[in-house]
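Since the structure comes first, as structure tokens, the remarks are kept for the end.
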Amino acid sequence: MPENVSRAIGSPPPQEQLLLDVRDLKTHIFLRSGVVKAVDGVSFTVGKGESVGLVGESGSGKTMTCLSVIRLMSVPTARIVGGETWFDGQNLMKKTAAEMREYRGRRIAMIMQDALASLNPTLTVGDQVGEPLRYHDRSMPKPSRIKRVLDVMRAVRIAKPDERLNEFPHQFSGGMRQRIVAAMGLSTQPGLIIADEPTTALDVTIQAQFLKLMRDLQRENGMAVLWVTHDLGIVAQICDRVNVMYAGRIVESGTVRRLFKQPLHPYTMGLMASVPVLGAKRKRLHQIKGHPPDLLKLPPGCAFYDRCPERMDVCRQSYPPQVSDGSGGHVNCWARTTPSAPALGQA
Amino acid sequence: MVGYIVGRMAQAVLSILVITSIVFMLVRLTGDPADVLVPDYAPPAVQERIRQQLGLDRPLYEQYARYIGGLLTLDLGTSFSGRPVIDVLLEHLPATLSLALASLVVALGLAVPLGILSAMYQGSWIDTVARAIALLGQSIPAFWLAMMLILIFGVGLMWLPVAHRSGLSSYILPAIAMGWAPVAGIVRLTRSSMLEVMDSDYIRMAHAKGLPNRVIYIKHALRNAMIPVLTFGGLVLGGFLNGSVVVENVFAWPGVGTMVLDGVTLRDFPIVQGCVIMVATFFIIINLLVDLLYVALDPRIRYG
Amino acid sequence: MLAQFIYRLRRSPIIPALILATLVLSAIFAPWVAPYPPVKVDLANAMLPPFFQSGGSTAHLLGTDKVGRDILSRVIYGGRVSLLLAGYVLLIGGTLGTVLGLVSGYMRGKADAIIQRGVEAILSLPTIMVALVFVFVLGQSFISVVLILCPFIAARFARMVRGDALHIRNMGYVALARVAGASHTRIIFRHILPNVAGTLIVIATLEVGALILVESSLSFLGVGVPPPTPAWGLMVSDGREYLASKYWLTLFPGLAIVATVLAVNWLGDWLRDILDPKRQFL
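For the record, the sequence lines run as chains A, B and C. Under our numbering, think of the first position of the first sequence as 8, with each following residue one higher. Under our numbering, think of the first position of the second sequence as 930, with each following residue one higher. Under our numbering, think of the first position of the third sequence as 87, with each following residue one higher.
So this is what it looks like as structure tokens:
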């Protein structure tokens, strides 16, 4: 049921509208060579029906964060070592494996990056789209289920779905496959969809179509979406609020409007500047100096230190505290911590 | 596609021809069979008669030509015991084939579940135990295992028959003795295949969909993981022709292995030649079928 | 707790290394280790059971066979035969196979095609059956068994080495050497071979086990090393008729085979794990 979201779009949702509340999440990967702190104290929220972005480059920990929310580890030696994840008033960390399975695919759906790889090549598309329904709602008789599958395939604009039910993934184009994966997520009408780089493998026109589709569906179904991407363009088009991740931590968050108009963290500023603007007179593409940090050897202070044009000594020594941005978001940067904007402490 | 099959078959025929020729030459180097067939005290004239009868006095190239010619009509010559080789062959073939199939069932039945468990509980004690069993299987010679099985189950406990082919229960011990050897390889392959599959994105997707574990492992993972295992199974079947020589000997099983052993002992050229040709042909056919099976199982190759 | 211990045990190569060391050392120093010469016939003491059974004596720890030869000594000397045979076959067959593999993988073209064809043909033959026939051709002797098993080992080596060579020849340093004008032979021996060494060791350990099994199967069938030289397979075969009553004739040589092959395979597994470049997690 689509809910009437009557609040200012942009500020973090009040308690009763809160769907996902991630608090100080920490996930570490244990390797022979050391410990990788893939997710190192991440906190953010997603309200009902909201569209929130999680931005960062590869290796920043965004995918790990998503997987940690649904407690699915992609690597055998990864473990959630701290923090809590509250979904619709329930603490997911306290759930048993069987209970988590109830959430996955039914109340929280995840769409992953490479659609072709996400689909089992030896099973038909109809079979795979119908699976969440089949195993989460066992009372549904087969004909109703097939009807629902066809409905959702139509909703994602796949032509002649009844003819294509029994075909295999490799018989579809890239764009269609992405929509099939979206259909898989939508079939159970989840409250939250986590979309991990769903458009990376698509070319620009298809990408635009897909984003529009998702926006329409979101409006129709009242779903919340967590968009995980490295592409600021997508964020600008489709998100209400954004979180910027770097080296396993969220360094800035805020409304899309505020972030694009006035980015606060030097990393965010660098990202914005790197996006080429049509018609601008700049000759060379802006590049953030240096390269992403080695997650095995993170410094005690700010991880962006080596590449930061505004760095100070204190940045190297201790991690910057959280500072409010005045409209519900925050930034973690010593250069933005002034006497008139005192540190907030843990949100 | 058709071209590929035809090409492979042509290759196969060539290989068979080459192997036959090699065997032909070498078997004749093992010595004069007349010595074995005729007692020492017989006069040389009798030996000469025998040789004539068996066609051994003819020049080598003539014998060769005769033989190759015969092959084309599936006439593998006549055994020195008087019977046509092809008849003897067909008589012994079913015993070996049925045993090989039974052994494959044993091997897969034992190894595949072990491999799956090993992959599912990777790193735990179950994995260790499974791999230890596999290691053990690789290290026990078939003939010794056969004898120990006979000792324990046949003589000691008297549960199962220990010799000759005589009904379903007589298959059990020989099938275990022969099927045990490839278990290690199959366990390893199943395990690594499952691990590789379980690491793939669509399995993670299946997890993200909240599907029950049973469904993920059996419906999704197994389907894909089994493809290389089944093709390996085909090769294993071929390998059983090898093991049959030993196992049939221990269990007095009337199969091709026994036939070869007897043939070699009696220097019965045609029998030995016939056996080797048949075995080589079998191997090649199995390899061909395995290739085709692979294509059949993977829908991507069909449409792509 | 127990599980942890067993896990650790399985991981470390201590046990197989010890077993192997015992076997190899006792094989080398057989004349000093074995209590009796293996062919010493002693009809008065024939068919003695092992020392822990009634009728046995500590003079013959594992009992005696039907003509009074000491089982323990024969097992030790049999080890000598098996290991020596395996050693020769690995040396000759392995060298041949490595050379063929290197040539095939590096040179490619016509040579590769021919060698490949040959290797595939040999690999598709049933080892025991063919060996059976051939030993009869060449007559039964130590040399003939070595010779007949060489092609099979060579084929296996050739295939693996070829795979490696194909991979390595594309590496940067090989291209550099070629640009610098090094001859093919030099490249093969100075650059490719050392990098293949790791694989060679792994294959060798894996194949030794199979080799010993084949050799003992052949001597079981009566076409292995000729008597009176003791060979494990032959001893098992000798004891066949008395399987139920005089079990020690077949049990101990069989155990020897199992122990040796087990140790070798275990060690090979461990080596393979260590050398596996993909090994990243604990």
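We put the beta carbon where it would ideally sit given N, CA and C, even for glycine.
Assigned exposure category for residue i - 16 Cβ within 10 Å defines buried
i, result
"residue 1088/B", "exposed"
"residue 1016/B", "exposed"
"residue 3/A", "Outside the modelled stretch of chain A, which goes from 8 to 354, sits residue 3/A, for which no answer is possible."
"residue 1160/B", "buried"
"residue 138/C", "exposed"
"residue 261/A", "buried"
"residue 990/B", "exposed"
"residue 173/A", "exposed"
"residue 1084/B", "exposed"
"residue 282/A", "exposed"
"residue 184/A", "buried"
Chain F residues whose Cβ lies nearer than 9 Å to that of residue i
i, result
"residue 1170/B", "Within the model displayed, chain F is absent; protein chains A, B and C are what it includes."
Proximity test, Cβ basis, 7 Å: residue i and chain A
i, result
"residue 1012/B", "no"
"residue 1155/B", "no"
"residue 1044/B", "no"
"residue 1131/B", "yes"
Short CB-CB distance (under 7 Å) between residue i and chain C
i, result
"residue 1073/B", "yes"
"residue 1238/B", "The requested residue 1238/B does not occur in the structure, where chain B is confined to residues 930 to 1233."
"residue 944/B", "yes"
"residue 1233/B", "For residue 1233/B, the predicted model reports a pLDDT of 40, less than 50, meaning its position is unreliable and no value from the coordinates is stated."
"residue 1080/B", "yes"
Span separating the alpha-carbon of residue i from that of residue j
i, j, result
"residue 316/C", "residue 1076/B", "20 Å"
"residue 993/B", "residue 1208/B", "20 Å"
"residue 170/A", "residue 1130/B", "26 Å"
"residue 1137/B", "residue 186/A", "17 Å"
"residue 114/A", "residue 153/A", "20 Å"
"residue 321/C", "residue 342/C", "11 Å"
"residue 164/C", "residue 124/C", "9 Å"
"residue 1203/B", "residue 133/C", "42 Å"
"residue 1105/B", "residue 1091/B", "12 Å"
"residue 160/A", "residue 1046/B", "37 Å"
"residue 154/C", "residue 146/C", "10 Å"
"residue 237/C", "residue 296/C", "14 Å"
"residue 249/A", "residue 1148/B", "39 Å"
"residue 972/B", "residue 1068/B", "51 Å"
"residue 161/C", "residue 330/C", "20 Å"
"residue 308/C", "residue 1058/B", "36 Å"
"residue 1048/B", "residue 1116/B", "10 Å"
"residue 352/C", "residue 299/C", "15 Å"
Interface flag, residue i vs chain B, CB-CB below 7 Å
i, result
"residue 126/A", "yes"
"residue 224/A", "no"
"residue 351/C", "yes"
"residue 101/C", "no"
"residue 338/C", "no"
"residue 306/C", "yes"
"residue 129/A", "yes"
"residue 107/C", "no"
Simplified DSSP assignment, three categories, for residue i
i, result
"residue 992/B", "helix"
"residue 305/A", "coil"
"residue 35/A", "strand"
"residue 1191/B", "helix"
"residue 339/A", "strand"
"residue 1095/B", "coil"
"residue 225/A", "helix"
"residue 101/A", "helix"
"residue 147/C", "coil"
"residue 26/A", "strand"
"residue 296/A", "coil"
Beta-carbon contacts of residue i that lie in its chain and below 6 Å, excluding the five residues immediately before and after
i, result
"residue 281/C", "254"
"residue 300/A", "254, 310"
"residue 1153/B", "1126"
"residue 325/A", "308"
Close beta carbons around residue i, own chain, < 7 Å, minus the five adjacent residues each side
i, result
"residue 205/C", "241, 244, 245"
"residue 1140/B", "none"
"residue 265/A", "332, 334, 336"
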